[in-house]
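This report concerns only the one structure given below.
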Amino acid sequence: MKPHSLKPHRDNPPGHPGPLHRPAEVAKILRCSEWWVKEQARKGRIPFSWIGGGYRFTNEHITEMVRLFERRPASATPLRRETSAPFPSRSGRSESGAPALQLKARRPRRARNTAEQPSIAA
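Each residue of the sequence shown is one higher than the one before, starting from 1 at the first, in UniProt numbering.
Right, here's the structure in full:
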């Protein structure tokens, strides 16, 4: 089977959108599921045309889909932390040096409920 190409057809006049692809064809081109393509179109996350009661995609739509879901590194900075201590200390003090608030666990609900209810003596 011949792989799909996104090249415009040589017989199409300038300004013609080119071939319209169905969700199954787009899924094959992008190597994803047909369900994913339809779901993204339904939620308005990808460009599409609604023709003949179904989703249709041009080559430009497919190219834009790839751009929309492209991920690039946030910055070129190293991944090392700039602080001197890689982990928070357990000294009981906050970063400013003030004593940290000590948390205290509550009694379990079962223990609270049995203590509040009077016992039935026979």
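All C-beta atoms, glycine included, are put in the ideal place defined by N, C-alpha and C.
Among MET65, PHE69 and ARG22, which residue has its Cα nearest to the Cα of PHE52? What sits at residue 52 in the sequence shown is Gly, not Phe. Ranking MET65, PHE69 and ARG22 by Cα distance to GLY52 puts ARG22 first.
Starting from THR51, trace the beta strand (DSSP E) both ways and give me its first and last residue. In the sequence as displayed, the identity of residue 51 is Ile instead of Thr. Per DSSP, ILE51 belongs to the beta strand (DSSP E) from 49-51.
Hey, GLU34 and PRO47: beta-carbon distance below 9 Å or not? 9 Å or more divides the Cβ of GLU34 from the Cβ of PRO47.
Would the beta-carbon of ARG56 fall within 9 Å of that of LEU20? Between ARG56 and LEU20, the C-beta gap is smaller than 9 Å, which places the two residues in contact.
Closest Cα partner of ARG31 within the set ARG107, PRO108, ILE62 and GLN102: The option with the nearest alpha carbon to ARG31 is ILE62.
Is it buried or exposed for ASN113, if we count other Cβ within 10 angstroms and need 16 for buried? It counts as exposed.
For ALA41, count neighbouring C-beta atoms within 10 Å of its own C-beta (all shown protein chains included) and say buried if the count is 16 or more, exposed if not. ALA41 is buried by the Cβ-count criterion.
Please report the distance separating the alpha-carbon of GLU39 from that of ALA27. Taking C-alpha positions only, GLU39 is separated from ALA27 by approximately 12 Å.
Tell me which residue opens and which closes the alpha helix (DSSP H) that ARG42 is part of. Boundaries of the alpha helix (DSSP H) around ARG42: 34-42.
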